[in-house]
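**Q** Can you read through this structure? Questions will come right after.
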Amino acid sequence: MSATLLVQLNDGEARPLSECAWIVTEPCGCVSGIMTAQFSDGTNTIATEEAAWSHFYEFEGAEARKRDQAAGVTFRLVGHDEGHQLLRRTCEHVPQWGRKPRPEADGYRWAMAESYPRNAGSRLHLIGNDALNVDRWNSPSPAPHFEALCGKREKWWSAESHDTDGRVTCLRCERKAEAAT
Ligand SMILES: [Zn+2]
Ligand SMILES: [Zn+2]
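Heads up: the sequence shown begins at 178 in the numbering used here, then just goes up one per residue.
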């Protein structure tokens, strides 16, 4: 038999950690994410708030974490059932999640530089549409570089949502876009 880790939730109720989840609360107060606090077999234990932060930002990296922390994102331990109920609600705040929307610039899109190996902490840059319409099979050799608003140069850029969703945007590109509007 394995030991059961009991935790006391904010409402005072004691629960096994394996029946709990960490919820991610956005600046507006809505819940945008959930993480199991412990698998039912007792592995993958995330028992502290600090561990929850590190685990959640493993992929997005330190800059995203810092930004979200400053914006007012919090992690809270709740029962699984309560967590999933909260997550099902849609955020109807404007702006959504209480976050400042990314600035946009005419003729540019937020895109990821396709350098290899790909870095999980890569930022998105504002790149001209011409860089996104390149026919990779018929491009001259060597392929030309395209320059983002911030000055970052790369041959290939991707604005596909699977490359850009949830990514941190380059502060230098943001400032250039804001200055241009
Ligand atoms: Zn909201
Ligand atoms: Zn940039």
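We treat Cβ as the ideally placed atom computed from N, Cα and C, and that holds for glycine.
Count the other CB atoms, across all protein chains shown, that sit within 10 Å of the CB of alanine 297; report buried if there are 16 or more and exposed otherwise.
**A** Only weak support is given to the placement of alanine 297: the predicted model assigns it a pLDDT of 47, under 50, and the question is left unresolved by the model.
**Q** Could you check the C-alpha separation between histidine 339 and alanine 224 for me, to the nearest Å?
**A** Taking the straight line from one Cα to the other gives about 30 Å.
**Q** Which word fits phenylalanine 216, buried or exposed, when buried means at least 16 other C-beta atoms lie within 10 angstroms of its C-beta?
**A** Under this definition phenylalanine 216 is an exposed residue.
**Q** My guess is that tryptophan 274 and threonine 341 are in contact by the Cβ rule of under 8 Å, so how many angstroms apart are they, rounded?
**A** Wrong, their Cβ atoms sit about 17 Å apart, outside the cutoff.
**Q** Does DSSP put glutamate 331 in a helix, in a strand, or in coil?
**A** Strand.
**Q** Less than 8 Å between the CB atoms is what I'm expecting for methionine 194 and threonine 220, so what's the real figure, rounded?
**A** The displayed chain sequence assigns leucine, not methionine, to residue 194. Incorrect: roughly 12 Å between the Cβ atoms, too far for contact.
**Q** In chain order, what residues of the same chain lie with their CB nearer than 8 Å to the CB of valine 345, ignoring the 5 residues before and after it?
**A** Contacts found: Glu237, Gly238, Glu240, Ala241, Arg244, Gly298, Arg300, Leu301.
**Q** Have a look at valine 208 and valine 184 and give me their C-alpha separation to the nearest angstrom.
**A** Using only the alpha carbons, I get a separation of about 21 Å.
**Q** Please report how far the alpha carbon of glycine 189 lies from the alpha carbon of proline 278, in whole angstroms.
**A** Taking the straight line from one Cα to the other gives about 37 Å.
**Q** Tell me whether histidine 322, by its Cβ, gets closer than 6 Å to a heavy atom of ligand 3.
**A** You won't find ligand 3 in this model; what it holds is ligand 1 and ligand 2.
**Q** Among all the DSSP beta bridges, which residues are the ones paired with glutamate 324?
**A** Its beta-bridge partners are Arg330.
**Q** Does the beta-carbon of valine 271 have 16 or more other beta-carbons within 10 angstroms, so that it is buried, or is it exposed?
**A** Classification of valine 271: exposed, given that the 10 Å Cβ count is below 16.
**Q** According to DSSP, simplified to helix, strand and coil, what is arginine 265?
**A** Arginine 265: helix per DSSP, three-state reduction.
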